[in-house]
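Residue numbers (my numbering): 947 to 1143.
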């Protein structure tokens, strides 16, 4: 039935090795426990369902049952940060600062490591990566030994909305912009291209 509605034909190979249910019954447990619902399921069962002894209607898939990604992200802006960062430690740091600290700040990398259940070295690398993405969180204080970690004001809890960080540009764009500043070697001579401003 799924293949009839557009699923991959590989499911037919699986169907060849499967056997029908031992006893005819409704597909859903809620219908199995209620005689009236069970009778309705049997009356509305499609031929394929009857052949497999599982009573279900031949209903087309509801492709619009889920909202579009833009709608979901618009109402859950934190999701975009997690999607872009693939849920790694950078995403955890942002979530901890947004949701597990009173004002979006934490006293030190050590305290952040405890909250994220990570070691300090991993936290330091993740903070470096966030800075490379244009998201500086470290706030050194004059005379203080520890560096405070804080979200920018417009990302802190209580602001209207936590705007997502711009996704990281493709590596090729980064290399092109940095590559013009790197020394070039031609023969035995090294020279540097300087961009015109």
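Note that CB positions come from ideal geometry on N, CA and C, so glycine has one too.
### Task
Would you check if there are 3 or more beta carbon pairs closer than 8 Å linking the segment 1024-1042 to the segment 976-983?
no
### Query
Measuring CB to CB, does residue 1039 end up less than 8 Å from residue 1058?
yes
### Query
Helix or strand or just coil, what does DSSP make of residue 998?
coil
### Reduced DSSP secondary structure (H/G/I, E/B, other) of residue 1052
strand
### Message
Closest to residue 970 by C-alpha separation, out of 1001, 1041, 1031, would be which residue?
### Response
1001
### Query
In angstroms, rounded to a whole number, what distance separates the CA positions of residue 961 and residue 952?
16 Å
### Query
Around the C-beta of residue 995, are 16 or more other C-beta atoms found within 10 angstroms, so that it is buried, or is it exposed?
buried
### Query
Apart from the five residues on each side of it in sequence, which residues of its chain come closer than 6 Å, Cβ to Cβ, to residue 987?
972, 977, 1001
#### Entry: Same chain, Cβ closer than 6 Å to residue 966, five either side skipped, listed in chain order
998, 999
### Query
Residue range of the beta strand (DSSP E) that residue 1044 falls in?
Here residue 1044 belongs to no beta strand (DSSP E); instead the alpha helix (DSSP H) covers 1035-1045.
### Task
Return the first residue and the last residue of the alpha helix (DSSP H) that residue 1021 is part of.
1015-1021
### Query
Does DSSP put residue 1031 in a helix, a strand or coil?
coil
### Query
Tell me which same chain residues have a C-beta within less than 6 Å of the C-beta of residue 1054, skipping the five on either side of it?
1092
### residue 1150, DSSP secondary structure in three states
This structure cannot speak to residue 1150, because the chain is shown only from 947 to 1143.
### Message
Using DSSP's beta-bridge definition, name the partner residues of residue 986.
### Response
In DSSP, residue 986 forms no bridge with anything.
### Message
Given 7 Å as the limit, tell me if residue 1040 has its C-beta closer than that to any heavy atom belonging to the ligand SAM.
### Response
This structure does not include the ligand SAM; it has no bound ligands of any sort.
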